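Below: one structure, written as structure tokens.
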Amino acid sequence: MHLSSHSSPRPSVPGETPAPYREPEPGSRSEGADAPQPRLHRRGGYPPLPDPLPVPVIDNHTHFDIHGGAAEVPIGQALDAAEAAGVAGAVQVGTDLASSRLTAAVVDQDPRLLGAVALHPNEAPLLAAAGLLDDALAEIEALAAGERVRALGETGLDYFRTGDAGRGSQLESFRSHIDIARRLGKALQIHDRDAHDDVVATLLADGAPDRVVLHCFSGGAELARRCNEQGWYMSFAGTVTFRNAANLREALLTADPALVLVETDAPFLTPHPHRGRPNASYVMPTTVRAMAEVLGTPLDTLCTRLTLNTEAVYGRWD
0 MHLSSHSSPR PSVPGETPAP YREPEPGSRS EGADAPQPRL HRRGGYPPLP
50 DPLPVPVIDN HTHFDIHGGA AEVPIGQALD AAEAAGVAGA VQVGTDLASS
100 RLTAAVVDQD PRLLGAVALH PNEAPLLAAA GLLDDALAEI EALAAGERVR
150 ALGETGLDYF RTGDAGRGSQ LESFRSHIDI ARRLGKALQI HDRDAHDDVV
200 ATLLADGAPD RVVLHCFSGG AELARRCNEQ GWYMSFAGTV TFRNAANLRE
250 ALLTADPALV LVETDAPFLT PHPHRGRPNA SYVMPTTVRA MAEVLGTPLD
300 TLCTRLTLNT EAVYGRWD
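Using numbering that gives the first Met the number 0, you'd call the opening residue of the sequence shown number 0 and step up by one each time.
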């Protein structure tokens with residue numbers, strides 16, 4: 000992944016896919032003054048740039064190292080496109096040792112970035128089977144000590160992709176991340192898939208860090224009420240816009256406004272009406288506007304609240 004930003008042919012324009020994300024026509028040449036121009040977007044390609052938000056917000060969970068399209072977009076250009084949409088910064092999130100090492104390196108190179116490092120719950124059984132889990136956790140702790148690494152994440156429990164045999168090592172890894180976050184004074188970003196009760200029980204049994212974020216919140220109103228009681232943050236992704244996600248919209252309405260965050264989880268979970276296409280931080284205003292509509296809140300008011308909440312978790316970006 001490249002960090003440097005290079006000048007685009009022209010500024011990003013709402014309604015057009017930002018230049019770094021455009022895919023060339025098949026067979027077109029990429030160099031030369033007479034080279035065919037890339038198409039702006041197509042079904043399956045990156046979505047067009049939405050209208051910018053009236054108040055800047057932060058994407059509190061994204062993966063710049065995972066590429067959803069044909070082009071590998073330099074991270075500086077990805078952040079430029081996000082800024083053009085009113086997304087002023089992001090939290091780059093690690094999921095394994097390689098991506099966590101990368102995260103710890105790039106957050107010191109651009110003031111628009113903060114980081115989170117961890118072993119994804121589906122990594123834990125693989126590392127445990129190879130006898131490498133303890134060493135990997137020790138390296139995560141070392142990476143997490145960086146000043147601009149503000150969270151342990153994404154860690155947690157995933158019962159969708161890991162069978163019963165892997166649950167023990169997932170829990171061991173999750174509890175270790177909780178302990179590291181508490182000792183280092185970092186936030187905790189939780190991946191919770193089909194494991195709501197066990198995630199809550201583990202946090203309560205072990206003692207949650209001061210700042211806990213349920214990333215890509217996937218529960219309903221009941222889990223939102225439990226988060227309200229504990230002061231845990233709920234981060235809503237593009238899934239809140241999906242037609243079949245009434246439970247998420249009910250949770251958003253139930254959530255304490257001071258505990259609501261927003262994210263992309265890019266390049267995944269692209270909001271409606273672009274579901275199924277690759278996601279990016281610049282697309283997040285579509286999710287924010289949908290949240291404002293669900294809540295019946297003025298867009299600028301919601302944006303201001305989201306930014307205040309995000310800084311309460313991770314601190315300031317500057």
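By construction, the Cβ of each residue, glycine as well, lies at the ideal position given by its N, Cα and C atoms.
In this text the structure is predicted, and so the values were computed from the model without any measurement.
Sorting 216, 268, 313 by C-alpha distance to the C-alpha of residue 46 places 268 at the top.
DSSP places residue 149 in the strand class (E or B) of the three-state scheme. As summarised for the stretch 191-232, the continuous beta strand (DSSP E) elements at least 3 residues long and confined to that stretch are 211-213, given in chain order.
Residue 153 has its alpha-carbon roughly 12 Å from the corresponding atom of residue 123.
Counting the other Cβ atoms within 10 Å of the Cβ of residue 259 gives 16 or more, which makes it buried.
In the structure shown, residue 308 adopts helical secondary structure according to DSSP, grouped into three states. Excluding its 5 nearest sequence neighbours in each direction, residue 208 has C-beta neighbours in its own chain below 6 Å: 180, 181, 187, listed in chain order.
Bridge pairing for residue 115: 92, 150 [DSSP]. Of the residues assessed, residue 110 falls on the exposed side of the cut-off, its CB having fewer than 16 other CB atoms within 10 angstroms.
The alpha carbon of residue 52 has as its nearest neighbour, out of 231, 43, 108, 282, the alpha carbon of 282. The three-state reading of DSSP puts residue 298 in helix, counting H, G and I together. Nearest neighbour of residue 312 by Cα position, chosen from 57, 250, 44, 295, turns out to be 57.
For residue 260, no alpha helix (DSSP H) encloses it; the enclosing beta strand (DSSP E) starts and ends at 259-261. Scanning 244, 246, 237, 254 for the CA closest to the CA of residue 231 turns up 254. Non-local beta-carbon contacts of residue 276 in its own chain, meaning distances under 7 Å to residues more than five positions away in sequence, involve 43, 44, 45, 46, 269 in chain order. Bridge partners of residue 188 according to DSSP: 212.
Proximity to residue 280 across 300, 297, 236, 216 peaks at 236, based on C-alpha coordinates.
Here residue 85 carries a coil assignment [DSSP, helix/strand/coil].
For residue 133, the enclosing alpha helix (DSSP H) begins and ends at 132-143.
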